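K.L.:
Protein chains in written order, with this note's numbering: chain G, 1024 to 1561; chain L, 5 to 162; chain C, 46 to 459.
The C-beta atom is built at its ideal place from N, Cα and C for all residues, glycine as well.
For clarity, every value in this text was computed on a predicted model and none was experimentally measured.
What follows is a single structure, and I will ask about it in a moment.
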Amino acid sequence: MPKVTINGQEFDVAEGKTIIQAAQDAGIDVPHYCYHPDLPVDGNCRMCLVDVEKMPKLTPSCTTVVSEGMVVRTDNDRVKTAVRGVLEFLLINHPVDCPVCDQAGECRLQDYYMVYGLHTSEIPLSMKVRKRKVIDLGPMVVLDQERCVLCSRCIRFFDHVTKTGDMQFFGRGDHVAIGTFEDQPLENPYSGNVVDICPVGALTSRDFRFKCRVWFLHSTDSVCGGCATGCSMRIDHRDGTIFRLLPRRNVEVNRSWLCDEGRMSFHELMGGERVVRPLIKGRDGMQAPVTWEDAVRSINATLKEVSERDGSGSILGFASPSATNEALYLFKHYLSGRFGASRFEFRTDSEDKKVAIPEDDVLRYTDKHPNSMGALNLGLASEELGGIGGAIEAARSGRIKAGVVIYYKPLVPRPGDEEAEARISELVRSLEYSVVLAAHRADWQSHASVVLPVAAWSEEEGTYTNYQGRVQFAGKAIQPAGDIQPVWEVFANLLYASGDNALWLSIDDVFGKLSETVPGYKDVSLGQAKSFGALPTP
Amino acid sequence: MIEFSEEAKRRYDSIISHYPQKRAALIPVLALAQREFGWISDEVAEYVGALMEYPPSDVMSVATFYTLLHKKPVGKYHMEVCRNVSCWLMGAYACVDEIKSRLKIDVGDTTPDGRFSLQLTECLGSCGTAPAMQVGDRYYENLTPARIGEILEKLSHD
Amino acid sequence: MTKIHLVNIDKPGQATLETYRAGGGYKALEKAMKMEQTAIIEEVKTSGLRGRGGAGFPTGMKWGFVPRNTGKPTFLLCNADESEPGTFKDRILMERDPHLLIEGMAIACYALDCHLSYIYIRGEYEFVANTVQKALDEAYAAGILGPSVMGHDFGLDLFVHLGQGAYICGEETSLIESLEGYRGYPRIKPPFPATHGFLASPTVVNNVETLTALPWIINNGAAAHAALGTEKSKGTKLFSVSGHVSKPGVYEIVLGYPLLDFINNEAGGVPNGRKLKAVIPGGSSVPVLTAAECEGVGLDYESLLKAGSMLGSGGMIVLDDSAKMPEVLSVIADFYAHESCGQCTPCREGTGWAAKILRNLVAGKGRKADIDLLLKIADMMEGKTICPLADADVMPIRSFVTKFRSEFEALCEG
């Protein structure tokens, strides 16, 4: 391990690391535009120049690998003057249209200007190179060529991550501009990432632009609910509204990327009618609102009655692979612990197989649920039933009388969704007694005996287990409206009301039990599941 | 749809055979395409891209880097007068003015009949025989306004 | 004066194989093919030959960096992208004596164990390339090139590759990038071309003039070459001289030859009764020398460096006392702005900005502050870029502005 001295402090740095990486690891910020930890190094912006002893010229810290005894200064006058110069160069042809630029607040030109620049512009407006503005690059991206610092991050993203070459440089010298061929729209399913990695306002989000200044947003760490990959992400929200989803860097899962569908999934979530109050079907066959207490009392009583009358085998638990591990755990614990239920299922569309099949070689998985692996780990796939088809069959034949069904609307729609939903509807209609926990309203829910309003993704804390078996924690960003409760809490209340003495006060309580008892979560703590997630010890 | 002539297709195969990797042939192929089609239009970039299996954006990105590859149509006789130091010292601009006034076009323009276009260019490597201009693959050197007149006269009837 | 490159340059028909051979051509290759490959490299090292493209790096040392037996092919690329303003020597060599280049390349390829080689010729020189191609065809037909070079168990293919208009492609990593079919963006070094060049394989890039010195060195021996010139500048150098001289053209001189003698004797002096004002000795990217600074300066690497300039490519531009220095600098600055590839920030923005300020100044719209701003821009660019193009702009800017400041000031009102 080479010993390197940076700004007078000595560090042990792993072999092969560059100076900028070593500095960042040591908490020393080196200004940069083109360097990105998940893209090949390019060295074009020249902002990360540092002074290395025995090197005659300043050297880019992103291209220089550390060596034993290297003495680096990132903070002396020589470096500061150089960085100020590069920044001034980047600004001479920049339109400085910050008041109408959506990047404000997270623009590296603005930020570094405050640290290194604070100079007066010496170039008259008439001398500036003009380029094209507001170029529509499809559903995700808007391009402003004048604001671009030509760092090539977007180009490298399409060259090296998706390998599709969608964006390129055109022209030469100070007339170089980025763009697509003939302004063609970016149809790449990952194009939103270039907005994130653009360090300036050249590429802005078509969806987010002009919706909200970024400094008004609150951020909550989460995990994408769009597929089995479970990309680490950040929910940016304000006053109960989600404004955008951004990737959170996680080298083990998604590096710095998100797919466009995952990124846009919150629109699906926020669209559609919500279930807001518990509903119970009356003698007239019409559903009417009730209090949670009434709903809980009624469910416990009815399930008890069914199990006593028809045996525990007549109760079905039909879970959702979009529910959290904590929800699924208490769901199963409740049904099997209180009523001896043994029939569990969650599959509507071979999720157990799809969870192992990638959709492409970047991020996406064919299973469009965040927690199929969690459902499998909890034993919620029944060999006997073999999926929802078997469950419907069993309900029709009368082997199953009652069922508790958790339903979430898909966040990333696929053509098979209607079919899957039709099967759920069929299942509910085939049951004599059905309790449906749902975040979103759907017509078929009118057939249910009880409908319970539950929190959707982003409205509750919990963990999801991705295709790797990695347990990842998602935080709560939005306070759900009205009587809505998280699924785990619904079952905690049902358990408590049915005489279970254990106290389930938080997801910490639930996860603790889960990691103790369920294979696949051994030695994993909730703390580990936060940030980058944790793989259980095999 | 545009397509290479049979002769150009033979040339193309020969160019490809000169390189251990196909990509290295891209720029010579673009030069060939310009010879065939006059300039590198979007359509030409798409054709070359399809032929060599590169995205048209990639092809156009390369084309826009090189000044000899035209991104707009030029005249049959594309006159590029060197504007660099030695040619400038020796009177390149008098020659440019002569061309402008005789053809009634400005730098960057093409005559309405499409015969001539005028451009300034950087050092042609004719500093010892300055001023100089390039027309197609030919150099005209030791230029004077009078000589410009003769050249234009000759090319008008070619 | 001893000549190495231009011995037969004026001989009629020299571009044909027949005439070339009649003058002793390809004898050096024949001799070299009987030598050990490494012995040739040693010979080139001993000769003291330095790269004639502009940087002046010792050729033998450059060859010595190429690793052997890497399992990858080794490439020799001839840099014939001659584009430095004031330089037209490679053109003359290729136009009039193309076999000399082919022979030099064949010797280099044999020494480096290279079997596939390209001559990267600037696209504007298409007519020159046609001459080279004819010579190549002859050489193939005569068995000088092809599967068995001069009957030896050594194959060599040599192709002409035409550039398409980009000064930067004369920079060796940019040339490689361009030859690979990309925008001519210079590469970050390390890794160096010697290990990771064309197609990520060991590669040597040599200038035309460097390669055409090889037949003479093989024929006459390294010692004979090392005996020419000064302590650190061995051999001869081609100078392309243009501008305000009576006899512009390409001349070969033994390194160390006095600059003023060269201008006055070889190049015929400054015409029209004018007086010498300044000299750009090595192509537009080297610092300008005032007439006074030229006194006593020899045309060699160390003497020009001592005088505050550089030998560069040997593209000498002579300026008489009618030359308006801000205008000359403006023309030069426009060139570098036009030719900046645009890859890295200081060069892309700095060359363009400096050029605009100068155009403004020349048009009488400048301010006195612009003069210092030019110097500041030079500081902001210098030594901060991937390749030397920005520095090539810095040197004329700084030298013109400091040495002829009063001319710039006279253009400004306030």
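1) When the Cα of A1200 of chain G is compared with those of G:S1175, G:D1523 and G:S1214, which residue comes out closest?
2) Taking 7 Å as the threshold (beta carbon to beta carbon), is I31 of chain L in contact with chain C?
3) To the nearest angstrom, how far is it from the Cα of H82 of chain L to the Cα of Q1191 of chain G?
4) On the criterion of 16 or more Cβ atoms from any shown chain inside 10 Å, does K351 of chain C qualify as buried, or is it exposed?
5) For a cutoff of 7 Å on Cβ pairs, would you count Q209 of chain C as touching chain L?
6) Please tell me whether T125 of chain L has its Cβ less than 7 Å away from any Cβ of chain G.
7) Who are F102 of chain C's beta bridge partners in DSSP?
8) Just the C-alpha distance for Y1431 of chain G and R1271 of chain G, rounded to the nearest angstrom, thanks.
9) Could you tell me the boundaries of the alpha helix (DSSP H) in which H270 of chain C lies?
10) If contact is defined by three or more beta carbon pairs under 8 Å, each pair taking one atom from either stretch, is the segment 1488-1502 of chain G in contact with the segment 1327-1344 of chain G?
11) Which of the residues in the segment 57-70 of chain L, read from start to end, lie with their CB under 7 Å from any CB of chain G?
12) Are the beta-carbon atoms of F1369 of chain G and A1350 of chain G separated by less than 7 Å?
13) Give the interface partners of M1150 of chain G over in chain C, defined as CB-CB distance under 7 Å, in chain order.
14) Starting from S385 of chain C, find everything on chain G with Cβ-Cβ shorter than 8 Å and list it in chain order.
15) Which residue wins for smallest C-alpha separation from G428 of chain C, given the options G:D1262, G:G1092, G:A1105 and G:N1099?
16) Starting from P1312 of chain G, trace the beta strand (DSSP E) both ways and give me its first and last residue.
17) Taking Cβ-Cβ distances shorter than 8 Å, what residues in chain C pair up with G1066 of chain G?
18) Starting from the N-terminal side, write out each stretch of the alpha helix (DSSP H) that is 4 residues or longer and does not extend beyond the segment 242-329 of chain C.
19) Between I1415 of chain G and V1165 of chain G, what straight-line distance do the alpha-carbon atoms span, to the nearest angstrom?
20) What residues of chain G sit near W398 of chain C, judged by a beta carbon separation below 7 Å?
21) Any idea what DSSP makes of L124 of chain L, helix, strand or coil?
22) Based on Cα-Cα distance, which residue from G:C1177, G:S1255, G:G1161 and G:D1262 lies nearest to D1230 of chain G?
23) Alpha helix (DSSP H) containing V1106 of chain G: first to last residue?
24) For V1123 of chain G, count the other beta carbons within 10 Å of its own beta carbon; 16 or more makes it buried, fewer makes it exposed. Which is it?
25) Given a limit of 8 Å on CB to CB distance, which residues of the segment 298-321 of chain C reach chain B?
26) Can you give me the start and stop residues for the alpha helix (DSSP H) that G397 of chain C sits inside?
27) Nearest chain G C-beta to E217 of chain C closer than 7 Å, yes or no?
28) If we require 3 or more residues per run, which beta strand (DSSP E) segments fall completely within the segment 1361-1412 of chain G?
29) Counting only runs of 3+ residues fully inside the segment 1478-1504 of chain G, write out the beta strand (DSSP E) ranges in chain order.
30) Since H163 of chain L meets chain C, which of its residues come closer than 7 Å, beta carbon to beta carbon?
31) In the DSSP assignment, what are the bridge partners of L1460 of chain G?
32) Report the CB separation of S329 of chain C from E129 of chain C in whole angstroms; it is logged as a contact under 8 Å.
33) Can you tell me which of G:A1127, G:S1554, G:I1411 and G:Q1502 puts its alpha carbon nearest to the alpha carbon of A1479 of chain G?
34) Considering only C-alpha positions, which residue in the set L:A136, L:K13 and L:S121 is nearest to K76 of chain L?
35) Give me the DSSP bridge partner(s) of E84 of chain L.
36) Determine the burial state of L157 of chain C: buried for a count of at least 16 other Cβ atoms within 10 Å of its Cβ, exposed for fewer.
P.N.:
On the basis of the coordinates in this document:
1) Locating residue 1200 of chain G in the first sequence gives position 177, counting from the first residue. Checked all of G:S1175, G:D1523 and G:S1214; the closest Cα to A1200 of chain G is G:S1175.
2) On the second sequence, position 27 is the one that residue 31 of chain L refers to. It does; some Cβ of chain C falls within 7 Å.
3) As a first step, residue 82 of chain L must be located in the second sequence, where it is residue number 78. As a first step, residue 1191 of chain G must be located in the first sequence, where it is residue number 168. When rounded, the distance between both Cα atoms is 29 Å.
4) Sequence index remark: in the third sequence, residue 351 of chain C carries index 306 (1-based). The residue is exposed, with fewer than 16 neighbouring Cβ atoms inside 10 Å.
5) Looking up residue 209 of chain C in the third sequence gives position 164. Chain L, which has a Cβ nearer than 7 Å to the Cβ of Q209 of chain C, makes this yes.
6) Here the question's residue 125 of chain L lines up with position 121 in the second sequence. No, its Cβ sits nowhere closer than 7 Å to a Cβ of chain G.
7) Mapped onto the third sequence, residue 102 of chain C falls at position 57. According to DSSP, F102 of chain C bridges with nothing at all.
8) Counting from one through the first sequence, the residue named residue 1431 of chain G turns up at place 408. Counting from one through the first sequence, the residue named residue 1271 of chain G turns up at place 248. Taking the straight line joining both Cα atoms gives about 24 Å.
9) The sequence position of residue 270 of chain C within the third sequence is 225, counting from 1. Unbroken alpha helix (DSSP H) run through H270 of chain C: A267 to A271.
10) no
11) P59, P60, S61, D62, M64, S65, T68 and F69
12) By 1-based counting over the first sequence, the position of residue 1369 of chain G is 346. By 1-based counting over the first sequence, the position of residue 1350 of chain G is 327. The answer is no: Cβ separation not under 7 Å.
13) Translated into the one-based positions of the first sequence, residue 1150 of chain G becomes position 127. Correct list: K401.
14) Within the third sequence, numbered from 1, the residue matching residue 385 of chain C stands at position 340. Correct list: R1195, G1196 and D1197.
15) Taking the first residue of the third sequence as position 1, residue 428 of chain C is located at position 383. Comparing Cα positions, the closest option is G:A1105.
16) On the first sequence, residue 1312 of chain G is found 289 positions in, with the first residue counted as 1. First-last of the beta strand (DSSP E) with P1312 of chain G: Q1310 to P1312.
17) Here the question's residue 1066 of chain G lines up with position 43 in the first sequence. Here the neighbours are I233, C389 and I431.
18) 253-257, 259-265 and 267-271
19) Residue 1415 of chain G sits at position 392 when you count from the first residue of the first sequence. Residue 1165 of chain G sits at position 142 when you count from the first residue of the first sequence. Rounded to whole angstroms, I1415 of chain G to V1165 of chain G spans 48 Å at the Cα level.
20) Locating residue 398 of chain C in the third sequence gives position 353, counting from the first residue. What W398 of chain C touches in chain G: I1115 and I1146.
21) Indexing the second sequence from 1 puts residue 124 of chain L at position 120. Of the three classes helix, strand and coil, the one that applies to L124 of chain L here is strand, per DSSP.
22) Taking the first sequence and counting its residues from 1, the one referred to as residue 1230 of chain G is at position 207. When only C-alpha atoms are compared, the closest one is G:G1161.
23) Translated into the one-based positions of the first sequence, residue 1106 of chain G becomes position 83. From DSSP, the alpha helix (DSSP H) with V1106 of chain G extends over D1100 to I1115.
24) Here residue 1123 of chain G corresponds to residue number 100 of the first sequence, with the count starting at 1. Exposed: under 16 other Cβ atoms inside 10 Å.
25) Absent from the structure: chain B. Protein chains present are G, L and C.
26) Within the third sequence, numbered from 1, the residue matching residue 397 of chain C stands at position 352. Unbroken alpha helix (DSSP H) run through G397 of chain C: T390 to V407.
27) As a position in the third sequence, residue 217 of chain C is number 172, starting the count at 1. E217 of chain C does not count as touching chain G.
28) 1366-1368
29) 1485-1488 and 1494-1497
30) Because chain L spans 5 through 162 in this model, residue 163 of chain L falls outside it and cannot be assessed.
31) Locating residue 1460 of chain G in the first sequence gives position 437, where the first residue counts as 1. Note: L1460 of chain G sits in a beta bridge opposite G:I1429 and G:L1475.
32) On the third sequence, position 284 is the one that residue 329 of chain C refers to. On the third sequence, position 84 is the one that residue 129 of chain C refers to. Their Cβ separation, rounded to whole angstroms, is 7 Å, which keeps S329 of chain C and E129 of chain C in contact under 8 Å.
33) Locating residue 1479 of chain G in the first sequence gives position 456, where the first residue counts as 1. When only C-alpha atoms are compared, the closest one is G:Q1502.
34) Taking the first residue of the second sequence as 1, we reach residue 76 of chain L at position 72. The residue with the shortest Cα to Cα distance from K76 of chain L is L:S121.
35) The sequence position of residue 84 of chain L within the second sequence is 80, counting from 1. According to DSSP, E84 of chain L bridges with L:Q123 and L:Q138.
36) Residue numbering aside, residue 157 of chain C sits at position 112 when the third sequence is read from its first letter. It counts as buried.
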